[in-house]
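Read the structure below first, then the notes.
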Amino acid sequence: MKTPNTPPGAAMRDETEKLHDQMDAALARQLQRIENEETPEHLLALARELQELLRGKS
1 MKTPNTPPGA AMRDETEKLH DQMDAALARQ LQRIENEETP EHLLALAREL QELLRGKS
């Protein structure tokens, strides 16, 4: 239920922020797994670049 002090769309923004946080956490875990597997440096650099690109879209 919407309260008088809640701006329209605030709940949607909160949910979107939660999803972005979950995505960032998943990307961080994946990046850590890649690093732990002694992946070649060029693949590690690509993974980091992808992570930054995805964060930029949020």
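So the sequence shown is numbered by our numbering: it starts at 1 and just counts up by one.
Note that the Cβ used here is the ideal one computed from N, Cα and C, for glycine as well.
Practice prompt. Tell me whether the beta-carbon of Q30 lies closer than 9 Å to the beta-carbon of A45.
Written response: Start at 1 with the first residue of the sequence shown, and residue 30 comes out as number 30. Start at 1 with the first residue of the sequence shown, and residue 45 comes out as number 45. No, Cβ-Cβ distance for Q30 and A45 is not below 9 Å.
Item to complete: State the Cα-Cα distance for the pair A11 and L53, rounded to the nearest angstrom.
Response: As a working note, residue 11 is residue 11 in the sequence shown. As a working note, residue 53 is residue 53 in the sequence shown. Approximately 26 Å between the Cα atoms of the pair.
Discussion item. Can you give me the C-alpha to C-alpha distance between E35 and E49, rounded to a whole angstrom?
Written reply: If you number the sequence shown from 1, residue 35 lands on position 35. If you number the sequence shown from 1, residue 49 lands on position 49. Near 14 Å, if we compare the C-alpha coordinates of E49 and E35.
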